[in-house]
Amino acid sequence: SQSIFAALLTAACVGAFSTTPAPSTSALLSSTSSSSTQLCEAKDHEHAASPVYDAISTNTAFSSYQTRHAESISNPSAFWAKEAHKRLSFFTPPPKSHPTIHGSLEKGDVKFFPGAKLNVCYNAIDRHALARNGKGGNDVAMIWEGDEPTDTKSFTYNEMLEKVSQIANALKNQGVKKGDVVTIYMPMIPELPMTMLACARIGAVHSVVFAGFSADALGARIHASQSQFVVTADIGLRGTKKIPLKDIVNDSLTKFDNENLVDKVMVYERFYDDSNEDEETEDSEAAPYDMKPKDIRMNPLVNKMKPYCVPEVMDAEDELFILYTSGSTGLPKGLVHTTGGYALYAAFTTQTTFNLEKGDIFACVADCGWITGHTYVVYGALLNGGTTFVFESTPMYPDAGRYWDMIQRHKINVFYTAPTAIRSLMRYGDSIPKKYDLSSLKVLGSVGEPINPEAWRWYYENIGNSKCTVVDTYWQTETGGHIVTNIPGVTPMKPGSCTLPMYGIDTVVLDAQTGEVVEGNDVEGVLAIRQPWPGMARTCLGDHKRYMATYLTQYPGYYFTGDTVYRDSDGFIFVTGRCDDVLNVSGHRIGTAEVESALVGHPLVAQAAVVGKPHPIKGQSISAFVMLVEGAEESEDLIKEMKMEVRSGVGPFASPDQIVVSPSLPMTRSGKIMRRVLRKIVAGEADSLGDVSTLADPSIVDVLIEKAAP
Ligand code: WTA
């Protein structure tokens, strides 16, 4: 079977590239940087433009990619066993002779290294603190920069070990036990990653909810995971704006049966001053928020705790965390990631994709509330013994030079952000980044949505000084880490393309209708994965059936990503969109169903349909079509109220840019809303609506074009 896999790989992704001489429009570029990057321009496809770079014709590292990738997917058990032994410390290692991977995608019972024992927090902190006879403890584990550029802190591995242990002991002190779900609703302060790590240390399952979600959304997640513990902060800060997180938590407890469910609300204080602590008068100064009976002041409690906590021995398949994410229908899904596989994949991809080396300062500026923050703010760099940079503020505060200023001041080596941020910063011109010394950078990353070639090029030239590799990392909450990306100095870059599969990832393009594998290049289809990988989510919390139906049974034998792709004539992958109704606004994944159900929460809204509209900065913005109840009148106030419904039902980041009140919605005779029609209308593509004859009332289309076309 080895040769079959190798042959398939060649056909699937690299054959055409390696055997076809570079055509004149395509150029391979050897960078002058130490990571020796290559750049390969795309040809006749709308997703890639073609600037001219100096060309060279050889790329020796590329063949090493081909060999290693082929090996990794022809014998995945051996590949991942070797990586696990290399990258993780086990209390009980996985046996070397035994298969690493158990179960299958068909059955949906995938397990990596079951029976092996480890602790992820121990792997992220202790072993680095203990390294080099304890000298490793003085290495910097985390640099934090707050809302104000002058507000920075850093923590060595020793300090991390102490602080995380104290938090772990505080959690235990409040009754948290192995297997309990701890909901974390916090701003980007050092205690956020530390609390996640503390949960991992004691075997509690963290469920981080992005602090931009509303009380309703938070309440729904607390309820769905039956979480008895909530950790929060009094306020969050973003560009001097204060976000009343504790009030939102209070409100979330009034939803469902949460008042009875939740036992403890543990509250950090954003401006807590340790130096004011006094043995005698401890806690005497009032909390800066209205304390409820369940509230626990975390800062003084943590400070009182012993600075060491024995890490819990976990099975590789024990749950590490839950993270809710949006699908096209129904409530958000709580994806479950497990200990061994996730940790291995986080460590492996961080090191591979970013070429992370000892001493590197790694800045992923995502929020810990999303998967990018989990894997690449909290776990990835620390599992590699690197320095992770944690950022509380926004790219615009105090001005549009904030990121570049941080890179200069902290000598950041790897910088990882989303295309939406790049596009919004580009608007301020090249002169802003030019003011800063960005020479510490070696790799720049992009994540969350396709990056348009203009933004790619701006990032490459102005931030990377045409010397850094730009990695376009494609992945999902479900995949745990990057699954398709270029690799610095190893595989070529191509603006707009996430390029080629990661080692161990057996990608295929499937025909959406037939489910047949589409071979060759210059083809389109849906992206799927043919073999399990360690970082894949194992289930949806409490609903394995939904997990199976969403990811594994649509195309039996494959993990289905839900994304459509184009594989260009060189075998490089371009993500072209979603097959379902999931929206991607500023890199935030939002379900249409969540926004729609918030809209119909307004008493005057009878029905709602939400679609994404192309947006130059956000990627997509939200357009909502609503049908009012009999007798209701459209007004400006009503539109405002509807937006408020979305802000309170989901969160401010999901607020629609456009709300169109319409006499009816384009529905099929069976009552299904044809969002395709709405998408075309808001995109200004009403001339290519396609077949609308199945609509119950085709005349509605003209009314909608009149009201909603740009
Ligand atoms: C999209 C974020 C193109 C894609 C890590 C995917 C991308 C969804 C890229 C997952 C990329 C993410 N190029 N599209 N480099 N990265 N996506 O779960 O549609 O928040 O399915 O995970 O974002 O979003 P999620």
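The sequence shown begins at 5 in UniProt numbering and counts up by one. Think of the CB as a built atom: it goes at the ideal place given N, C-alpha and C, for glycine as much as any other residue. Just so you know, these numbers come straight off a predicted model, no measurement behind them.
Exercise for the section: Taking only the alpha-carbon atoms, compute the straight-line gap between Tyr161 and Leu360 and give it to the nearest angstrom. Expected result: Numbered from its first residue, the sequence shown carries residue 161 at position 157. Numbered from its first residue, the sequence shown carries residue 360 at position 356. Each residue's Cα considered, the two are about 18 Å apart.
Problem - Endpoints, the beta strand (DSSP E) within which Met198 is located - result: Your numbering for residue 198 matches position 194 in the sequence shown. From DSSP, Met198 is part of no beta strand (DSSP E) but of the alpha helix (DSSP H) over 195-206.
Practice task
Could you check what DSSP says for His378 in three-state terms: helix, strand or coil?
Solution key: Residue numbering aside, residue 378 sits at position 374 when the sequence shown is read from its first letter. Note: His378 maps to helix in three-state DSSP.
Practice task
Return the bridge partner residues of Ala340 from the DSSP annotation.
Solution key: Within the sequence shown, numbered from 1, the residue matching residue 340 stands at position 336. It should be noted that the sequence gives Val, not Ala, for residue 340. DSSP output for Val340 lists Ile326, Thr543 as bridge partner(s).
Practice task
Please determine if the segment 602-616 and the segment 571-589 are in contact, where contact requires at least 3 C-beta pairs separated by less than 8 Å.
Solution key: yes
Handout entry: Bridge partner(s) assigned by DSSP for Gln662
Key = Taking the first residue of the sequence shown as 1, we reach residue 662 at position 658. Answer by DSSP bridge pairing, in chain order: Ser627.
Handout entry: Nearest-angstrom beta carbon gap, Val382 and Met270 [assumed within contact, 8 Å]
Key = For the purposes of this step, residue 270 is taken as residue 266 along the sequence shown, with counting starting at 1. For the purposes of this step, residue 382 is taken as residue 378 along the sequence shown, with counting starting at 1. The pair is not a contact, with the Cβ atoms about 18 Å apart (cut-off 8 Å).
Practice task
Counting only the same chain and skipping the five closest in sequence on each side, list residues whose C-beta sits under 6 Å from that of Gly150.
Solution key: Start at 1 with the first residue of the sequence shown, and residue 150 comes out as number 146. Same-chain partners within the cutoff: Glu396.
Practice task
Check whether the segment 316-333 touches the segment 209-229, counting contact only when three or more Cβ pairs, one atom from each stretch, lie closer than 8 Å.
Solution key: yes
Handout entry: Beta-carbon proximity of Tyr349 to Gly140, cut-off 8 Å
Key = Indexing the sequence shown from 1 puts residue 349 at position 345. Indexing the sequence shown from 1 puts residue 140 at position 136. Result no, Cβ atoms of Tyr349 and Gly140 do not sit closer than 8 Å.
Practice task
Could you name the residues of the same chain whose beta carbon sits closer than 7 Å to that of Tyr563, not counting the 5 residues immediately before and after it, in chain order?
Solution key: Residue mapping note: residue 563 aligns to position 559 of the sequence shown, counting from 1. Same-chain partners within the cutoff: Leu109, Ala532, Ile533, Met540, Tyr555, Leu556.
Exercise for the section: Consider the C-beta atom of Thr376 and the heavy atoms of ligand 1; say whether any pair is separated by less than 7 Å. Expected result: Translated into the one-based positions of the sequence shown, residue 376 becomes position 372. Flag set: Cβ of Thr376 near ligand 1.
Problem - C-alpha distance - Pro255 paired with Ser652, whole-angstrom precision - result: Position 251 of the sequence shown, counting from 1, holds the residue named residue 255. Position 648 of the sequence shown, counting from 1, holds the residue named residue 652. Before going on, a small fix: residue 255 reads as Asp here, not Pro. So the alpha carbons of these two residues sit roughly 11 Å apart.
Handout entry: One or two residues paired with Asp476 in a DSSP bridge
Key = What you label residue 476 is simply residue 472 of the sequence shown in a count that begins at 1. Note: Asp476 sits in a beta bridge opposite Ser450.
Exercise for the section: Measure the C-alpha to C-alpha separation of Phe661 and Pro98 and round it to an integer number of angstroms. Expected result: Here residue 661 refers to the residue found at position 657 of the sequence shown. Here residue 98 refers to the residue found at position 94 of the sequence shown. Residue identity check: residue 661 is Asp in the sequence provided, not Phe. Going by the C-alpha atoms only, they are around 52 Å apart.
Practice task
Drop a sphere of 10 angstroms on the beta-carbon of Lys250, count the other beta-carbons inside from all chains shown, and report buried for 16 or more, exposed for fewer.
Solution key: Taking the first residue of the sequence shown as position 1, residue 250 is located at position 246. By the 10 Å Cβ count, Lys250 comes out buried.
Exercise for the section: Grab me the residues of Arg242's own chain with a C-beta within less than 7 Å of its C-beta, minus the 5 sequence neighbours each way, in chain order. Expected result: Residue mapping note: residue 242 aligns to position 238 of the sequence shown, counting from 1. The answer, listed in chain order, is Asp151, Ser397, Thr398.
Problem - Rounded separation between Ala88 and Val180 - CA only - result: The residue labelled residue 88 in the question sits at position 84 within the sequence shown. The residue labelled residue 180 in the question sits at position 176 within the sequence shown. Each residue's Cα considered, the two are about 29 Å apart.
Problem - Backbone CA spacing between Leu603 and Asp220 [nearest angstrom] - result: Position 599 of the sequence shown, counted from the start, is the residue given in the question as residue 603. Position 216 of the sequence shown, counted from the start, is the residue given in the question as residue 220. Whole-angstrom Cα-Cα distance: 13 Å.
Exercise for the section: Run through the segment 236-303 for me and flag every whole beta strand (DSSP E) of 3 or more residues, listed as ranges in chain order. Expected result: 240-242, 245-247, 268-272, 299-301
Practice task
Give the single residue among Asn177, Lys268, Thr596 whose Cα lies nearest to the Cα of Gln624.
Solution key: Indexing the sequence shown from 1 puts residue 624 at position 620. Considering only alpha carbons, the answer is Thr596.
Exercise for the section: Mind reading off the beta-carbon distance from Val654 to Glu600? Whole number of angstroms is fine, and I expect it under 8 Å. Expected result: Residue mapping note: residue 654 aligns to position 650 of the sequence shown, counting from 1. Residue mapping note: residue 600 aligns to position 596 of the sequence shown, counting from 1. Rounded, the Cβ-Cβ distance is 10 Å, inconsistent with contact.
Exercise for the section: Taking only the alpha-carbon atoms, compute the straight-line gap between residue 3 and Ile188 and give it to the nearest angstrom. Expected result: Only positions 5 to 714 of the chain appear in this structure, which leaves residue 3 out of reach.
Exercise for the section: Would you check if the distance between the CB atom of Tyr551 and the CB atom of Gly519 is smaller than 8 Å? Expected result: As a first step, residue 551 is located in the sequence shown; it is residue number 547 there, counting from the start. As a first step, residue 519 is located in the sequence shown; it is residue number 515 there, counting from the start. Contact flag unset, no.
Practice task
Jot down the residue ranges of each uninterrupted beta strand (DSSP E) in the segment 480-508, minimum 3 residues, whole runs only, in chain order.
Solution key: none
Practice task
Work out the CA separation of Ala610 and Gln355 for me, nearest whole Å.
Solution key: If you number the sequence shown from 1, residue 355 lands on position 351. If you number the sequence shown from 1, residue 610 lands on position 606. Computed Cα separation, rounded: 51 Å.
Exercise for the section: Rounded to whole angstroms, what's the CA-CA distance from Cys544 to Lys337? Just pull it up for me. Expected result: Counted from its first residue, the sequence shown places residue 544 at position 540. Counted from its first residue, the sequence shown places residue 337 at position 333. Looking at the two C-alpha atoms, the distance is approximately 6 Å.
Exercise for the section: Give me the Cβ distance between Pro454 and Gly405, rounded to the nearest whole Å; I'm assuming they're in contact under 8 Å. Expected result: In the sequence shown, counting from the first residue as 1, residue 454 sits at position 450. In the sequence shown, counting from the first residue as 1, residue 405 sits at position 401. The Cβ separation is near 26 Å, so there is no contact.
Problem - Expected contact under 8 Å - CB spacing of Thr244 and Met190 to nearest Å - result: Here residue 244 corresponds to residue number 240 of the sequence shown, with the count starting at 1. Here residue 190 corresponds to residue number 186 of the sequence shown, with the count starting at 1. With 8 Å as the limit, Thr244 and Met190 do not qualify as a contact, their Cβ atoms being about 19 Å apart.
Practice task
Report yes or no: do three or more beta-carbon pairs, one from the segment 704-712 and one from the segment 657-672, lie closer than 8 Å?
Solution key: yes
Practice task
Flag this pair as touching only if the segment 77-87 and the segment 296-308 have three or more C-beta atom pairs under 8 Å; answer yes or no.
Solution key: no
Exercise for the section: Have a look at Ala687 and Pro714 and give me their C-alpha separation to the nearest angstrom. Expected result: Within the sequence shown, the letter at position 683 stands for residue 687. Within the sequence shown, the letter at position 710 stands for residue 714. Whole-angstrom Cα-Cα distance: 7 Å.
Handout entry: Contact belief for Val418 with Ala367 at Cβ below 8 Å, rounded distance in angstroms
Key = Taking the sequence shown and counting its residues from 1, one reaches residue 418 at position 414. Taking the sequence shown and counting its residues from 1, one reaches residue 367 at position 363. Confirmed, about 7 Å.
Handout entry: Assumed close pair Pro194, Trp148 - CB separation to whole angstroms, cut-off 8 Å
Key = Along the sequence shown, one-based indexing puts residue 194 at 190. Along the sequence shown, one-based indexing puts residue 148 at 144. Yes, they are in contact, since the Cβ atoms of Pro194 and Trp148 sit about 5 Å apart, within 8 Å.
Problem - With 16 other Cβ atoms within 10 Å as the buried cut-off, status of Lys711 - result: Sequence index remark: in the sequence shown, residue 711 carries index 707 (1-based). Flag for Lys711 reads exposed.
Problem - Closest by C-alpha distance to Trp408, when choosing among Ala425, Thr376, Leu442 - result: As a first step, residue 408 must be located in the sequence shown, where it is residue number 404. When each option's Cα is compared against that of Trp408, the closest is Leu442.
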